[in-house]
Amino acid sequence: MKRIPLLPFLLGVLSPVPLVIMAFIMMFYSPQTALPILLPSFVGYAGIILSFIGGINWILSMQKPVILLENETDIIDKKRLLIAVVPCLFGELAIILTANHKWSTALLLLIVGFATTLFLERNAYLPTEQPTGYRSMRWLTTMVIQLCLIGAFIFRAPW
């Protein structure tokens, strides 16, 4: 498959920057500021990124597998569609939990959602079915996002 064009690659790699900035701000502001203002924005943005990853998987799931027997195609298609929909559900549930002041649960759900999505993506696609560089970009962005989520969970999630 072709390489990722430069602009989508840069947008993908730079997508965690707002989370990194919010995570650093939350570490230095008082909890009275971080919880009511920054944490909902933080969770919302992370939920949007997770949903966007689901959208990317939706597009990839519409492509037929490269080397599979006909009877395996339906199983693979269902798995890929599941990978496309589940991240959106994780993101939406995290936003709902945040609206109900369940910040710790929302952060944990996002941590699990990003890790699960990355794991399932790696097992559902052959490397040749994704653009060159996509897996590396996804691994890098997921690790940065995970560090931000774990940092927010440890330092600012109310227990």
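Quick note on the numbering used here: the sequence shown kicks off at 152 and runs consecutively. Quick reminder that beta carbons are idealized off the backbone N, C-alpha and C, glycines included.
Alpha carbon of residue i to alpha carbon of residue j, nearest angstrom
| i | j | result |
| --- | --- | --- |
| V171 | T279 | 31 Å |
| F193 | V236 | 21 Å |
| P182 | S255 | 14 Å |
| P159 | T293 | 16 Å |
| L190 | I247 | 13 Å |
| P238 | L291 | 18 Å |
| V168 | T268 | 20 Å |
| G195 | Y180 | 19 Å |
Exposed unless 16 or more other CB atoms sit within 10 angstroms - verdict on residue i
| i | result |
| --- | --- |
| I210 | exposed |
| L220 | Annotation note: pLDDT 49 at L220 (below 50); position unreliable, coordinate value reported separately. The residue is exposed, with fewer than 16 neighbouring Cβ atoms inside 10 Å. |
Residue i Cβ short of 6 Å to the ligand SAM heavy atom set
| i | result |
| --- | --- |
| A185 | Among the components modelled here there is no ligand, and therefore nothing to report on the ligand SAM. |
Candidates the options: closest to residue i by CA position
| i | options | result |
| --- | --- | --- |
| L261 | I155, G302, K229 | G302 |
| F304 | R273, T249, C239, S212 | T249 |
| V164 | C299, L300, V295, F306 | V295 |
| L232 | A185, L298, G205 | G205 |
| S287 | R273, Q214, K230 | R273 |
| L258 | Y276, K229, L300 | L300 |
>> Is it the case that the segment 271-291 contacts the segment 154-172, given that we only count it when at least three CB pairs across the two stretches are under 8 Å?
In response: yes
> Pairing CB atoms from the segment 228-248 with CB atoms from the segment 163-179, are three or more of them under 8 Å?
Replying inline: no
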